[in-house]
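First up is the structure itself, then whatever we jot down about it.
Residue numbers (full-length UniProt numbering): 1 to 322.
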């Protein structure tokens, strides 16, 4: 530091004057800019070791893949490794993308990661719900995001939690709901798509239904539902108001009628009910002639005329078709 003091002329002559002044000037040396040195430890870092070198100038880092100088700063190197230019050049040379882009475990704390993950979940859920988009579209969205955010710990965490929650949801849903079930008939089931329709027209529909008798028998048949009042009746029963009525719903898969005979219980045959403590199955000769197959009787029994048929179709559940 250099300091210069200038006195007035009156001081030199030994005379006092109110106009005398004293001037002090301080000159400071200019600050030298501190240059960051290349950190040789970066050469051992899994993120940088495949392409990072020290520039011949000594004051810069060098990307051997992109052939360009970089600042001696870890943040600058991390920014470069995630750039599209570097990713494309890396893929051209090695035939694949970098094995590790940004190791967010070193740049983001677990607390912040958890907060970002919850924010991501809420924003994506709101995005899908607002646009009435199926959540399953995430399966197609993830590969797209992965192209631009390869190696992202946040994205990887979201994918894992999403897959785990999906598996749990599907598993618990399947455990709670059987492939098919019998439920008590109510008028609100009129438009239920899971009903097994036999005949469907403007005035009435035939669906698979059954009557629960006081002796414990559960006998299936073709139930006629009138569109006008949505009540269900059976042609062979004059009064069903004293009995509980149930209809068949297919929750998953589909129902298929296959040729059968001689009381054979086909694989995946749908249980229609019970008669005399024996399990019976659903069969039909034609849609309006739908009844039950009792293995011990070796035929398809229908209420019309109380007849039994040796050749018939048996109703099975096809689980392979969702």
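Backbone N, C-alpha and C fix where the C-beta goes; we use that ideal spot for every residue, glycine too.
Among the options, the one whose alpha carbon lies nearest that of residue i
i           : options           : result
residue 264 : 221, 283, 275     : 283
residue 245 : 75, 217, 256, 66  : 217
residue 273 : 118, 38, 292, 128 : 292
residue 262 : 231, 296, 40      : 296
residue 316 : 259, 298, 307     : 259
residue 219 : 73, 290, 126      : 290
residue 200 : 298, 288, 268     : 288
residue 185 : 214, 215, 95, 230 : 230
residue 232 : 188, 126, 214     : 188
Helix, strand or coil at residue i [DSSP, three-state]
i           : result
residue 103 : Because the pLDDT at residue 103 is just 46, under 50, the model does not fix this residue reliably, and the point stays unresolved.
residue 89  : helix
residue 197 : strand
residue 301 : strand
residue 37  : coil
residue 94  : helix
residue 227 : coil
residue 313 : strand
residue 255 : strand
residue 247 : strand
residue 177 : coil
residue 51  : coil
residue 220 : strand
residue 119 : helix
residue 206 : strand
residue 188 : helix
residue 75  : helix
residue 267 : coil
Same chain, Cβ closer than 7 Å to residue i, five either side skipped, listed in chain order
i           : result
residue 279 : 271
residue 294 : 275, 278, 280, 301
residue 285 : 300, 302, 309, 312
residue 64  : 51, 53
residue 183 : 246, 247, 249
residue 207 : 195, 196, 197, 198, 223, 225, 247
Beta-carbon proximity of residue i to residue j, cut-off 8 Å
i           : j           : result
residue 43  : residue 77  : no
residue 54  : residue 62  : yes
residue 266 : residue 198 : no
residue 86  : residue 70  : no
residue 89  : residue 38  : no
residue 117 : residue 157 : yes
Residues near residue i by beta carbon distance below 8 Å, same chain, minus five either side
i           : result
residue 234 : 209, 211, 221, 222, 223, 224, 240, 303
residue 227 : 190, 202, 203, 204, 205
residue 268 : 316, 317, 318, 319
Same chain, Cβ closer than 6 Å to residue i, neighbours up to 5 away in sequence not counted
i           : result
residue 177 : 251
residue 181 : 249
residue 107 : For residue 107, the predicted model reports a pLDDT of 49, less than 50, meaning its position is unreliable; a value from the coordinates is still stated below. There are no such residues.
residue 256 : 316, 318
>> I'd like to know if the region 248-259 and the region 178-192 are in contact, where contact means that at least 3 CB-CB pairs between them fall below 8 Å.
In response: By the Cβ rule, the region 248-259 counts as touching the region 178-192, because three or more pairs are nearer than 8 Å.
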